[in-house]
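Notes to accompany the following structure.
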Amino acid sequence: MRLGTSICSAMGSADCISVEKEVEDKSTTVLTSKIDGGVFFKPNRPALVMSSTSWTPDEDFSILLEAALMYDRRVAATLGEEDSMDEGQLWIDIKSGKQFDYPRLLFIITGKGPDRKKYEEQIKRLKLRRVAFRTMWLASEDYPLLLGMLVTCQNNLIL
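Going left to right, the sequence shown walks through residues 2 to 160 as the working numbering numbers them.
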């Protein structure tokens, strides 16, 4: 299973994950770098949050979206950034590997269901700087494989 394209592709305009992988480099992923034959976690990698859902009305993902927005705004306020700030400098800092006091967050939401498109549209409108979402469908046998690969990614480049 290769998820690099799915993980690195923004749902709308560029985001804090997609800008990092604008240059194709087979020795790096969003989370890891291959150096001298070994695979290591990047020091400035995003924190990864995974969830599965059936995207039904009884699963209110707006709570998660609100929490993501609050995190993004709280970090910006703590760093003294204006809401109208252009993301350009942040993207440059991310690409250069700058260390941040607060991690970027990458949410991977798996599943399919009737409300998926509704929430994907809401995500596209959020204008987040340090939070990115990816939605995808994984076959039931692929979900534990993805989790296992994330846990053991020191052995292989996976994303």
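Don't be surprised by glycine CBs; every beta carbon is placed ideally from N, CA and C.
What do you reckon, are the CB atoms on Cys17 and Arg105 nearer than 8 Å?
The residue you call residue 17 lines up with position 16 of the sequence shown. The residue you call residue 105 lines up with position 104 of the sequence shown. Yes, the pair counts as a contact, with Cβ atoms nearer than the cut-off.
From Ile95 to Val132, what distance separates their C-alpha atoms?
In the sequence shown, counting from the first residue as 1, residue 95 sits at position 94. In the sequence shown, counting from the first residue as 1, residue 132 sits at position 131. Going by the C-alpha atoms only, they are around 13 Å apart.
The beta strand (DSSP E) that contains Gly39, what's its start and end?
Counted from its first residue, the sequence shown places residue 39 at position 38. Where Gly39 is concerned, the enclosing beta strand (DSSP E) stretches over Gly39 to Phe42.
Per DSSP, what are the beta-bridge partners of Arg135 in this structure?
Here residue 135 refers to the residue found at position 134 when the sequence shown is read from its first residue. Paired residues: Ile109.
Please work out which residues of its chain come closer than 6 Å, Cβ to Cβ, to Thr29, disregarding the five sequence neighbours upstream and downstream, and give them in chain order.
Indexing the sequence shown from 1 puts residue 29 at position 28. Cβ neighbours of Thr29 beyond the five flanking positions: none.
Quick one: what does DSSP say Asp59 is sitting in, helix, strand or coil?
Counting from one through the sequence shown, the residue named residue 59 turns up at place 58. If DSSP states are grouped into helix, strand and coil, Asp59 belongs with coil.
For Ile124, count neighbouring Cβ atoms within 10 angstroms of its own Cβ and tell me buried if that reaches 16, exposed if not.
Here the question's residue 124 lines up with position 123 in the sequence shown. The residue in question, Ile124, is buried, as its Cβ has 16 or more Cβ neighbours within 10 Å.
Boundaries of the alpha helix (DSSP H) in which Lys125 is found, first to last residue:
Locating residue 125 in the sequence shown gives position 124, where the first residue counts as 1. Run containing Lys125: Arg117 to Lys125, per the alpha helix (DSSP H) assignment.
According to DSSP, Thr29 sits in a beta bridge with which residue or residues?
As a working note, residue 29 is residue 28 in the sequence shown. Note: Thr29 sits in a beta bridge opposite Ser34.
Measure the Cβ-Cβ separation of Ile109 and Met51 and say whether it is below 8 Å.
As a position in the sequence shown, residue 109 is number 108, starting the count at 1. As a position in the sequence shown, residue 51 is number 50, starting the count at 1. Yes, the pair counts as a contact, with Cβ atoms nearer than the cut-off.
Alpha-carbon spacing of Ser53 relative to Ser63, whole angstroms:
Position 52 of the sequence shown, counting from 1, holds the residue named residue 53. Position 62 of the sequence shown, counting from 1, holds the residue named residue 63. If I take the Cα positions, the gap works out to 15 Å.
Pairs of beta-carbons, one from the stretch 110-122 and one from the stretch 57-73, closer than 8 Å: are there three or more?
yes
Where DSSP assigns a beta bridge to Val50, which residues make up the other side?
For the purposes of this step, residue 50 is taken as the residue at position 49 of the sequence shown. DSSP output for Val50 lists Phe108 as bridge partner(s).
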